[in-house]
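**Student:** Below you'll find the structure I mean.
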Amino acid sequence: MDSLYDISLNPEDFGIETTDFEISSDAALSSRQKLLIGCVLDLFKGRPTLKKLQLWDENATFNDPLTMATGRKQYQAQWYGLKAAFSEIEQLKAIVLTSGNPMHLFVKTRYKVKCIGFEKIISSDVKIYMDSLERHITGVDDLWNGEIPCGAIAKVGVFQILNPFWWLFLAGEVGFWVFSLVWWTRLWKVFRNLNSVVVPIFVRTPKLMNEEAEKNKKTQLL
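With the numbering used here applied, the sequence shown corresponds to residues 169 to 390, in that order.
Here you go:
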């Protein structure tokens, strides 16, 4: 075990804020697993930082109904895009259902879109994959009804806010049922691949941890 593994059991070392979450009787978590779960829950709350994302493998993946992101550039853009797209993000429930690899969570979150004020509560089945030593997250799947793709619009970045499919969904649940027929096709898979490439163009991610920390400190003082 290297020094990173030895010192990284303390959530404060990575700025992890979510340390208290519900754990089912079927899950027996190590301290390291709790740390990685806290990291992911922070990200779902729209609280990304470069320090937290150190817990992700360089080649990790993030999959949801709109995105198939691979590699640090793509998945970091998705998490920072989430923060940019919504004015309010409230995690209503988070429970760890099973441990192991992957770990399985149920997460319910309320999102409020910037500018228009539209709110949506989203329930997710989340799977967190780790490397064999549990040092890093190697993948996160945000599942709907146990499958990807699925019939709902998930947490998205700036590119999705500009996407007509996203706005059509806001017209009502009827739109959801219509477009869910399209989402099962290969065409939607092409869109998800395109999304993972385009979002990093629109979303700016910090380059250095000290610069990000200074910026966050100034924001808190405002």
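The C-beta atom is built at its ideal place from N, Cα and C for all residues, glycine as well.
Please go through the same chain and pick out, in chain order, the residues whose beta-carbon is closer than 8 Å to the beta-carbon of Lys-220, but skip the five residues on each side of it.
**Tutor:** Taken in chain order, the residues that qualify are Phe-182, Gly-183, Ile-184, Cys-207, Asp-210 and Leu-211.
**Student:** Taking C-beta to C-beta, are Ile-296 and Leu-260 nearer than 8 Å?
**Tutor:** Cβ distance not < 8 Å, so Ile-296 and Leu-260 don't count as in contact.
**Student:** Quick check on this structure: which residue in Ser-292, Val-281 and Ala-262 has the alpha carbon closest to the alpha carbon of Ser-192?
**Tutor:** Comparing Cα-Cα distances from Ser-192 to each of Ser-292, Val-281 and Ala-262, the minimum goes to Ala-262.
**Student:** Return the Cβ separation of Val-280 and Ser-255 in integer angstroms, given the expectation that the two are a contact with Cβ distance under 8 Å.
**Tutor:** First, the residue type needs correcting, since residue 280 is Lys and not Val in the sequence shown. That belief holds up - the Cβ atoms of Lys-280 and Ser-255 are roughly 5 Å apart, short of 8 Å.
**Student:** In the DSSP assignment, the alpha helix (DSSP H) including Phe-212 goes from what residue to what residue?
**Tutor:** Segment 199-212, the alpha helix (DSSP H) holding Phe-212.
**Student:** Under 8 Å by Cβ, that's how I've got Tyr-248 and Pro-270 pegged, so tell me the actual separation to the nearest angstrom.
**Tutor:** Actually they do not touch by this definition, with Cβ atoms about 24 Å apart.
**Student:** Helix, strand or coil, according to DSSP, for Leu-355 in the structure here?
**Tutor:** Interpretation of Leu-355 is limited by its pLDDT of 48, a score under 50 that renders its predicted location unreliable; the figure taken from the coordinates is listed afterwards. Here Leu-355 sits in helix by DSSP.
**Student:** If we require 4 or more residues per run, which alpha helix (DSSP H) segments fall completely within the segment 232-280?
**Tutor:** For the segment 232-280, whole alpha helix (DSSP H) runs of length 4 or above, ordered along the chain, are 240-253.
**Student:** Per DSSP, what kind of secondary structure is Lys-288 in: helix, strand or coil?
**Tutor:** In this structure, Lys-288 counts as strand in the three-state DSSP scheme.
**Student:** One question on the structure: do Ile-284 and Ala-228 come within less than 8 Å of each other, judged by their Cβ atoms?
**Tutor:** Cβ atoms of Ile-284 and Ala-228: not closer than 8 Å.
**Student:** DSSP on Leu-223, reduced to helix/strand/coil?
**Tutor:** Of the three classes helix, strand and coil, the one that applies to Leu-223 here is helix, per DSSP.
**Student:** Mapping DSSP to helix, strand and coil, what is Phe-230?
**Tutor:** Phe-230 falls in the strand class under three-state DSSP.
**Student:** Between Pro-179 and Leu-234, what straight-line distance do the alpha-carbon atoms span, to the nearest angstrom?
**Tutor:** For Pro-179 and Leu-234, the distance between alpha carbons rounds to 30 Å.
**Student:** Quickly, what does DSSP pair Asp-299 with across the bridge? List them, please.
**Tutor:** Paired residue(s): none; Asp-299 is not in a bridge.
**Student:** If Gly-214 and Lys-251 are in contact, beta carbons under 8 Å, what's the gap, nearest whole angstrom?
**Tutor:** Right, the Cβ-Cβ distance comes to about 4 Å (below 8 Å), so this counts as a contact.
**Student:** Confirm, please, whether the CB-CB distance from Ala-195 to Ser-393 is below 8 Å.
**Tutor:** Since the first residue of the chain shown is 169 and the last is 390, residue 393 is not available in this structure.
**Student:** Where does Lys-282 land, buried or exposed, given buried means 16+ other C-beta within 10 angstroms?
**Tutor:** Exposed is the call here.
**Student:** What residues match up with Asp-181 in a beta bridge as DSSP calls it?
**Tutor:** Answer is none; Asp-181 lacks a bridge partner.
**Student:** Starting from Asp-188 and walking both ways along the beta strand (DSSP E), at which residues does that stretch end?
**Tutor:** Taken as a continuous stretch (DSSP letters only), Asp-188 belongs to no beta strand (DSSP E), as it is neither H nor E.
**Student:** Tell me which residues share the same chain as Asp-309 and place their Cβ nearer than 6 Å to its Cβ, disregarding the 5 neighbours each side in the sequence.
**Tutor:** Contacts found: Asn-231 and Lys-295.
**Student:** Just to confirm before moving on: does the CB-CB distance between Asp-293 and Phe-274 stay below 8 Å?
**Tutor:** Yes, the Cβ-Cβ distance between Asp-293 and Phe-274 is below 8 Å.
**Student:** Let me check understanding here. Comparing Cα to Cα, which of Gln-201, Ile-205 and Tyr-243 lies closest to Leu-301?
**Tutor:** Here the closest residue by C-alpha is Gln-201.
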